[in-house]
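**Student:**
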Ligand code: GLY
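In full-length UniProt numbering, the protein residues as written are 1 to 390.
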């Protein structure tokens, strides 16, 4: 049974695992990632909205502070990755328009506007006519909206490619296989055993497996992360030259209680998302999911039916009990978490990389990440929440 060792072993090569590995390697740690397909995961499906303000929810003020800290780091983060790898990331500082289609949506948006205002965030209320002046493809029935110039977007697939390249340049080793079991010796995490039975030893292990993070065998119950999969179906369309610019910014709404958003990329792709379904590990694209997304998107922007539909796909968000991530050291020495990012994985990528690098170096989380310690969940709650369908 061959044993390979590193200072830091990251279990999971999605964007969160990759940014953690990259930042760890930059700090001088000999770092490895174990994942059968580095660069896969939820980021391949995600729309990539950097929507700290438009995705604000009641009761999530603490998460807002982390979201804003990460949003603020994005420009430098993108510049650093692009300089290093020569790869563009599709970062568009295009802003977002959240619109209302009926009186209920309008009341909901007014509430959101008041909450944003109380939270010291910039957003501007627009009439329906002003919304359509900004985005002429909007339906005539739009009743008003919120203009948020600070909520941008990035292309998560390009971000992932750049993170893989940055990791390779920083000397991160990739083990392209499944981690089957955490190994624990003398009351600390010591590495993992792979599907092939290889032992990958490490001084510190970071569990960054997205929605799968609660399923690694060998992790003691009292530190197992309480994450669950929350399915999101997403469509990709293409805007032909003759329709460009179809939309100039992200447009979103809550239609009959469901979020729908349209994210126009600089390369002519239009991403439409997303369903939110608690169906365990199911990633089937369903006729119902596609229908609902197209129906709601069509109510917002009727011209969408003219566009070629190029891709339908479903992914799994790693949901946590309070919708916030679990970051940093656990009660098992040598085991850290970087998971549970739920709807904000792309947005939280820069701040997660920084927080984990700090935690790996010092044993402590930096101030902005302290509220997100995994230790905030009581054991009973964790055990109840990790029970997943087989
Ligand atoms: N943040 C968008 C989503 O999770 O659908």
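All C-beta atoms in this analysis are idealised placements derived from N, C-alpha and C, irrespective of residue type, glycine included.
Since the model is a prediction, treat every value here as computed from it, not as a measurement.
1) Can you find a C-beta in chain C that's less than 8 Å from the C-beta of residue 227?
2) Count the other C-beta atoms from every protein chain shown that fall within 10 angstroms of the C-beta of residue 186, then say buried if there are 16 or more, exposed otherwise.
3) If we count Cβ pairs, one from each stretch, closer than 8 Å, do we get three or more for the stretch 188–208 versus the stretch 20–38?
4) Look up residue 305 in the DSSP assignment and say whether it is helix, strand or coil.
5) Where does residue 9 sit, in a helix, a strand or coil, going by DSSP?
6) Output the distance between the C-alpha atoms of residue 180 and residue 149, rounded to the nearest integer angstrom.
7) Buried or exposed for residue 233, going by 16 or more other Cβ atoms inside 10 Å?
8) Between the beta-carbon of residue 199 and the beta-carbon of residue 3, is there less than 8 Å?
9) For residue 49, list the residues DSSP reports as bridge partners.
10) Can you check whether the CB of residue 50 is closer than 8 Å to the CB of residue 151?
11) Who are the Cβ neighbours of residue 47 in its own chain at under 6 Å, not counting the five residues just before and after it?
12) Identify whether residue 169 lies in helix, strand or coil by the three-state DSSP scheme.
13) Taking just the CA atoms, how far does residue 295 sit from residue 139?
14) Just to confirm, is the Cβ distance from residue 324 to residue 63 under 8 Å?
15) Measure the alpha-carbon distance for residue 372 versus residue 301 and round it to whole angstroms.
16) Assuming residue 346 and residue 172 make a contact with CB atoms under 8 Å, what is their CB distance in whole Å?
17) Residue 170 to residue 317, Cα distance in whole Å?
18) Hey, how far is the Cα of residue 35 from the Cα of residue 309?
19) Given a threshold of 16 other Cβ atoms within 10 Å of its Cβ, counted over all protein chains shown, does residue 244 qualify as buried or as exposed?
20) Keeping to the same chain, check which residues put their C-beta closer than 8 Å to that of residue 380; ignore five residues upstream and five downstream.
**Tutor:** The structure says:
1) You won't find chain C in this structure, because it holds only one protein chain.
2) Of the residues assessed, residue 186 falls on the exposed side of the cut-off, its CB having fewer than 16 other CB atoms within 10 angstroms.
3) yes
4) helix
5) In this structure, residue 9 counts as strand in the three-state DSSP scheme.
6) Each residue's alpha carbon lies about 45 Å from the other.
7) Classification for residue 233: buried.
8) yes
9) 153
10) yes
11) Hits under 6 Å: 263, 271, 273.
12) helix
13) 13 Å
14) At a Cβ-Cβ threshold of 8 Å, residue 324 and residue 63 count as neighbours.
15) 38 Å
16) No, residue 346 and residue 172 are not in contact; Cβ-Cβ is about 20 Å, not under 8 Å.
17) 28 Å
18) Approximately 31 Å between the Cα atoms of the pair.
19) exposed
20) Caution is warranted here: a pLDDT of 49 is assigned to residue 380, below 50, making its placement in the model unreliable, and no coordinate value can be reported.
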